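Protein sequence lines, in the order shown, are assigned to chains A and B.
Each number in my numbering corresponds to the 1-based position in the first sequence with 26 added.
Each number in my numbering corresponds to the 1-based position in the second sequence with 26 added.
All residues carry an ideal CB built from backbone N, CA and C; glycine is no exception.
Only a predicted model underlies this, so the values are computations on that prediction, with no experimental measurement involved.
Shown next, in structure tokens, is the structure this report addresses.
Protein chains: 2
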Amino acid sequence: MPNQSASPVTAAMLVIGDEILSGRTKDKNIGFVADYLNNLGIDLIEVRIVADEEEHIVDAVNALRARYTHVFTSGGIGPTHDDITADAISKAFNLPCEFHPEAMALLTKHYKARNMEYTDARMRMARTPRGAKLIDNPISIAPGFIIENVHVMAGVPVIMQAMMDALAPSLKTGTKMLSQSVDCPFGEGTIGGPLGEIQDRHPNTMIGSYPQFRDGSYSTQIVIRSKDAPAIDAAKVDVEEMLARLKSSK
Amino acid sequence: MPNQSASPVTAAMLVIGDEILSGRTKDKNIGFVADYLNNLGIDLIEVRIVADEEEHIVDAVNALRARYTHVFTSGGIGPTHDDITADAISKAFNLPCEFHPEAMALLTKHYKARNMEYTDARMRMARTPRGAKLIDNPISIAPGFIIENVHVMAGVPVIMQAMMDALAPSLKTGTKMLSQSVDCPFGEGTIGGPLGEIQDRHPNTMIGSYPQFRDGSYSTQIVIRSKDAPAIDAAKVDVEEMLARLKSSK
């Protein structure tokens, strides 16, 4: 893995679209990107959702690209008036937003082959900040783009997923976060004290507990995460001993 | 509606939790809150997701509470070591985080009635910034809380939803956003140009178009939103005329 880094590789995601904030569309991209980056050893640290408002997009992109190794955006790169992501990203980078020659060639060919008019609206999809690198879109051709550390993708989940696959091989990645889960029949109120002590004894792990509330009572899933497999194993031994102790004292 | 305001009432949501960013848990609260606020006439302008890291929570809460009428948070108010939301919110407001007398009374009574020990871990759930007002939790008792314009709720969806119901009657609300949808058999590339012109002629509406990609071709749902019902009707007439024109020219 030529791009794998020993130091943490971080990321933020920016979801762009009024339709998510109005509740009309339920986002399906955040969970996908979270899983995908986790598998690549890229730590997703922050997600933001903003409306199709240039100022909001510019502010968010500039805040996030300064702070994290990678930024991934979804939404707002279609052919209509409310698709303003290319303009906003250009503005964030202080670059002109212009027709990308490769994107123009791709789309010209695509619509010609289908006997469809290459309208002004469709040409909007060929616009990128000057100097951007395209992200392949095997599904509907209109590309995403990369400018510095910002990866701009479509909002339609099936297309966004194909774009992630297209760009992933060239991403700088880190050491993969590993995890192990332990099912716990007790609620967090019972295990909270001793689990905190186990966390203190295993600082190289992150121990999370996730309550499930069913039929009026709680159970918990305990998840131990680390980039160091033996550290997880050691913490897990302590968690299992704690659970055995609690069970025998019931 | 005594709390209804003529000027826009805005909101941000802050989702707190490593488990969302790692992909382990798929968020179900954002879509719920988006729908809920939309129905109350509160405009959800921004969402952020951050990890269980004090500094990240403090920064996000302070950025959002200064900018929007309301902030709603979900997650991190349980009994374990990684539930640090009460501490982080207190720090954001520069207030001590302390046992809330009413919350202590509620939880003492609750565990006593169930013959369960009121452990140190469970007592964590009675901590709030000094002066906070509690949010009722009819499901599992441990309350949320309100400090100034920040509403702090549980992350477990069924509990968060009950807390929204509990706090909604006292929220300052605005004029409800209305919307109408028009199904469009054409892709965005076909309608993008004329739809942009319609948007220009109807500045008091927000016209969105949402592509659906199925079986290799696009269709679109056109959504017209406004707080002014006649403005929506007028824009819709233009949209329908445009579609009729496109159909007859096929």
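Would DSSP call residue 155 of chain B helix, strand or coil? Mapped onto the second sequence, residue 155 of chain B falls at position 129. Residue 155 of chain B falls in the strand class under three-state DSSP.
Taking the runs of the beta strand (DSSP E) that are 3 residues or longer, which of them lie wholly in the region 130 to 196 of chain A? 153 to 155, 159 to 161, 170 to 173, 176 to 179
In the DSSP assignment, what are the bridge partners of residue 232 of chain A? On the first sequence, residue 232 of chain A is found 206 positions in, with the first residue counted as 1. Looking at the DSSP assignment, residue 232 of chain A forms a beta bridge with A:251.
Other residues of its chain near residue 94 of chain A: CB distance less than 8 Å, five sequence neighbours each side excluded: Taking the first sequence and counting its residues from 1, one reaches residue 94 of chain A at position 68. Only 36, 37, 38, 71, 72, 175 meet the Cβ criterion.
Using a Cβ-Cβ distance under 9 Å, would residue 179 of chain B count as near chain A? Stepping through the second sequence from its first residue, residue 179 of chain B is reached at position 153. By this cut-off, residue 179 of chain B is not an interface position.
Could you name the residues of chain B that residue 166 of chain A contacts, counting a contact when the two beta carbons are closer than 7 Å? As a first step, residue 166 of chain A must be located in the first sequence, where it is residue number 140. Within 7 Å Cβ-Cβ: 239.
Taking 9 Å as the threshold (beta carbon to beta carbon), is residue 64 of chain A in contact with chain B? Taking the first residue of the first sequence as 1, we reach residue 64 of chain A at position 38. So yes, residue 64 of chain A belongs to the interface.
Expected contact under 8 Å - CB spacing of residue 279 of chain A and residue 44 of chain B to nearest Å: Nothing can be reported for residue 279 of chain A: it is not among the residues displayed for chain A, which extend from 27 to 276.
With 7 Å as the limit, tell me which residues of the region 125 to 148 of chain A have their beta carbon closer than that to any beta carbon of chain B; keep them in chain order. 145, 146, 147, 148
Would you check if the distance between the CB atom of residue 147 of chain A and the CB atom of residue 217 of chain B is smaller than 9 Å? Translated into positions along the first sequence, residue 147 of chain A becomes position 121. Translated into positions along the second sequence, residue 217 of chain B becomes position 191. Yes, Cβ-Cβ distance for residue 147 of chain A and residue 217 of chain B is below 9 Å.
For the structure I just gave you, are there three or more beta carbon pairs, one from the region 136 to 153 of chain B and one from the region 104 to 113 of chain B, closer than 8 Å? yes
Classify residue 139 of chain A: buried if its beta carbon has 16 or more other beta carbons within 10 angstroms, exposed otherwise. Taking the first sequence and counting its residues from 1, one reaches residue 139 of chain A at position 113. It counts as exposed.
So the candidates are B:225, B:163, B:74; which of them puts its Cα closest to the Cα of residue 107 of chain A? As a working note, residue 107 of chain A is residue 81 in the first sequence. Of B:225, B:163, B:74, the residue nearest in Cα terms is B:225.
May I ask you to list, following chain order, the residues of the region 170 to 194 of chain A that have a beta carbon less than 8 Å from some beta carbon of chain B? 182, 184, 185
At a CB distance below 9 Å, what residues from the region 36 to 52 of chain A approach chain B? Give them in sequence order. 39, 41, 43, 44, 45, 46, 47, 48, 49, 50, 51, 52
Short of 8 Å Cβ to Cβ, which residues in the region 241 to 252 of chain B face chain A? 244, 249, 251
Cα-Cα separation, residue 222 of chain B to residue 88 of chain B: Locating residue 222 of chain B in the second sequence gives position 196, where the first residue counts as 1. Locating residue 88 of chain B in the second sequence gives position 62, where the first residue counts as 1. Those two C-alpha atoms are separated by around 37 Å.
Under the rule that 16 or more other beta-carbon atoms within 10 Å means buried, what is residue 119 of chain B, buried or exposed? Taking the second sequence and counting its residues from 1, the one referred to as residue 119 of chain B is at position 93. Its Cβ being crowded by 16 or more others within 10 Å, residue 119 of chain B is buried.
From residue 121 of chain A to residue 101 of chain B, what does the alpha carbon distance come to, in whole angstroms? By one-based count along the first sequence, residue 121 of chain A stands at place 95. By one-based count along the second sequence, residue 101 of chain B stands at place 75. Those two C-alpha atoms are separated by around 39 Å.
Leaving out the 5 sequence neighbours to the left and right, which residues in its chain are closer than 6 Å to residue 74 of chain B when beta-carbon positions are compared? If you number the second sequence from 1, residue 74 of chain B lands on position 48. 40, 86.
Can you pull the chain A residues whose beta carbon is under 9 Å from the beta carbon of residue 111 of chain B, in chain order? By one-based count along the second sequence, residue 111 of chain B stands at place 85. Within 9 Å Cβ-Cβ: nothing; residue 111 of chain B doesn't reach chain A, min ~14 Å.
Cutoff 8 Å; reference residue 239 of chain B; Cβ partners in own chain excluding five residues on either side: As a working mapping, residue 239 of chain B is identified with position 213 in the second sequence. No residues qualify anywhere along the chain.
Going straight from the alpha carbon of residue 33 of chain A to that of residue 230 of chain A, what length do you get? Mapped onto the first sequence, residue 33 of chain A falls at position 7. Mapped onto the first sequence, residue 230 of chain A falls at position 204. Each residue's Cα considered, the two are about 15 Å apart.
Bridge partners - residue 125 of chain A, DSSP secondary structure assignment: Numbered from 1 along the first sequence, position 99 holds the residue referred to as residue 125 of chain A. Looking at the DSSP assignment, residue 125 of chain A forms a beta bridge with A:153.
Buried or exposed for residue 256 of chain B, going by 16 or more other Cβ atoms inside 10 Å? Against the second sequence, residue 256 of chain B aligns to sequence position 230. The residue in question, residue 256 of chain B, is exposed, as its Cβ has fewer than 16 Cβ neighbours within 10 Å.
Span separating the alpha-carbon of residue 51 of chain B from that of residue 57 of chain A: Translated into the one-based positions of the second sequence, residue 51 of chain B becomes position 25. Translated into the one-based positions of the first sequence, residue 57 of chain A becomes position 31. Each residue's alpha carbon lies about 8 Å from the other.
Three-state class that DSSP yields for residue 31 of chain A in the structure shown: Residue numbering aside, residue 31 of chain A sits at position 5 when the first sequence is read from its first letter. Reduced to three states, the DSSP call for residue 31 of chain A is coil.
Would residue 197 of chain A and residue 169 of chain A qualify as a contact pair, given that the criterion is a beta-carbon distance under 9 Å? Counting from 1 along the first sequence, the entry for residue 197 of chain A is found at position 171. Counting from 1 along the first sequence, the entry for residue 169 of chain A is found at position 143. No, the pair does not count as a contact, with Cβ atoms beyond the cut-off.
Tell me whether residue 109 of chain A sits in a helix, a strand or coil according to DSSP, three-state version. Translated into the one-based positions of the first sequence, residue 109 of chain A becomes position 83. Reduced to three states, the DSSP call for residue 109 of chain A is coil.
For residue 5 of chain B, three-class secondary structure by DSSP: With chain B covering 27 to 276 only, the question about residue 5 of chain B has no answer from this structure.
Under 7 Å between beta-carbons, which chain B residues line up against residue 219 of chain A? List them in chain order, please. The residue given as residue 219 of chain A occupies position 193 in the first sequence. Neighbours of residue 219 of chain A on chain B, chain order: 145, 146, 147.
Measuring only the C-alpha atoms, how far is residue 260 of chain B from residue 76 of chain B? Locating residue 260 of chain B in the second sequence gives position 234, counting from the first residue. Locating residue 76 of chain B in the second sequence gives position 50, counting from the first residue. Going from the Cα of residue 260 of chain B to the Cα of residue 76 of chain B covers about 42 Å.
Which bits of chain E does residue 228 of chain B rub up against, with CB to CB less than 8 Å? Absence of chain E from the displayed structure is noted, the protein chains being A and B.
Could you tell me which chain A residues have their CB closer than 7 Å to the CB of residue 215 of chain B, listed as they occur along the chain? Within the second sequence, the letter at position 189 stands for residue 215 of chain B. 105, 145, 147, 148, listed in chain order.
So, for residue 236 of chain B: in the same chain, excluding its five sequence neighbours on each side, which residues have a beta-carbon less than 6 Å away from its beta-carbon? Position 210 of the second sequence, counting from 1, holds the residue named residue 236 of chain B. Excluding positions up to five away in sequence, the list reads 247.
Cα separation between residue 191 of chain B and residue 258 of chain B? As a position in the second sequence, residue 191 of chain B is number 165, starting the count at 1. As a position in the second sequence, residue 258 of chain B is number 232, starting the count at 1. About 30 Å.
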